[in-house]
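Worksheet for the structure shown next.
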Amino acid sequence: MRTNFVKCSNLFQCKSRRTCILTKMSRKEGSKILEFSETNTYNLGPDVLVKFDVDDAFNLGMMARSLILEEIREAGYVIEICSAAEHCLFRCCTSSDTTMSNDWRLELKRQAALKYKKTSWELQRGVGNYTINDPIKNTRPYLLENKHTPLTEGAVLIFVKGALFPVGCFAIDKEGFPSRSDHIAKYCLYRYSQEQLQKQEQKLELEISKRVEEKLKLDNPVQKIDGEAWKLFKE
1418 MRTNFVKCSN
1428 LFQCKSRRTC
1438 ILTKMSRKEG
1448 SKILEFSETN
1458 TYNLGPDVLV
1468 KFDVDDAFNL
1478 GMMARSLILE
1488 EIREAGYVIE
1498 ICSAAEHCLF
1508 RCCTSSDTTM
1518 SNDWRLELKR
1528 QAALKYKKTS
1538 WELQRGVGNY
1548 TINDPIKNTR
1558 PYLLENKHTP
1568 LTEGAVLIFV
1578 KGALFPVGCF
1588 AIDKEGFPSR
1598 SDHIAKYCLY
1608 RYSQEQLQKQ
1618 EQKLELEISK
1628 RVEEKLKLDN
1638 PVQKIDGEAW
1648 KLFKE
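In this note's numbering, the protein residues as written are 1418 to 1652.
Right under this line is the structure:
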C-alpha cells in the first residue's frame, strides 16, 4: 500500500477516496489538544488566517493528518478541506477502513456549515435542542434527510483577514462516533494561523531591513564601493 494524497485545484471537485498509511505515533501533541480544549470554549470566534489558497489547504490538511496520527492513535479519520464553493482542495484518510458513511456525514456537515455560516457543532446543538431561530429550525428535515445521516460535529469554517464571509470549510469525520472532531479541527486552524502569523512577521522584518539598507545606500552613495573602502571617503 502506498500513501495517497489529494491536492486539487479549486476548479475540480475530488470524488474518489484517498487513503493514508497509519504510521507510528507519539503522545507529544495529545496534552496540547486537551489543554486547548479546556482553555478555549466553543463561544470563541474562529482563528483568522493570513491567506488561504490551495497550498494552504494542503499544508493545513497535512498538519491535521500528522496530529491525528501522532496523538489520537485511532483509525478511520477522514480530513477534507474545500473552498466556499464546495470545491475539494484537500482530502485524505488516516487508514483504509473508512466507509461511505464518512462521505455522507462530511457532505452533510460541510453543506450545513457553509449554508448557515456556523460550525456543525453549533448547528447540531441547535437542531437537537430546538433552540435555534425559526429559519434554521424549519430546515431541520433538510439537515437530516441526506441518506438518513445525522448531523455531527467536525466542520469548521475558514476565514481570512479582511473578509467577513467564509472562504472555505475544514471538516473532519471518524468512523463510528466522531468525538473530539470539532476540537481537532479548531486546534489545527489555531496552530496553522499562528504559523502563518510567525512567517508573516519574519517576512516583514526582512522587508524592513532590506528597505533600510537600500535607503542607507541612497543617502550615502559612496557605500556602494566594495569592502571597507567607503569608510575612507566617509572620514
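Yeah, the Cβ is synthetic: ideal placement off N, Cα and C, and Gly gets one too.
Check, Outcome
"Buried or exposed (CB count within 10 angstroms, at least 16 for buried), Y1582", "First, the residue type needs correcting, since residue 1582 is Phe and not Tyr in the sequence shown. Counting Cβ neighbours within 10 Å, F1582 comes out exposed, since fewer than 16 surround it."
"For V1471, the first and last residue of its enclosing beta strand (DSSP E)", "Careful: V1471 lies outside any beta strand (DSSP E), inside the alpha helix (DSSP H) at 1471-1484."
"Residues near Y1607 in its chain [Cβ-Cβ closer than 6 Å; skip 5 each side]", "D1464"
"Boundaries of the beta strand (DSSP E) in which L1574 is found, first to last residue", "1572-1575"
"According to DSSP, residues forming a beta bridge with C1586", "C1499, L1574"
"Anticipated Cβ contact below 8 Å, K1534 with L1574, distance rounded", "7 Å"
"Span separating the alpha-carbon of T1569 from that of R1522", "7 Å"
"Proximity below 8 Å, CB of R1482 to CB of T1516", "no"
"Between the CA atoms of G1478 and E1612 - distance to the nearest angstrom", "14 Å"
"Three-way DSSP call (helix, strand, coil) for L1633 in this model", "helix"
"E1539 to V1495 span [Cα, whole Å]", "20 Å"
"Burial state of R1527 (16 or more Cβ within 10 Å)", "buried"
"Under 8 Å between C-beta atoms of G1579 and I1498", "no"
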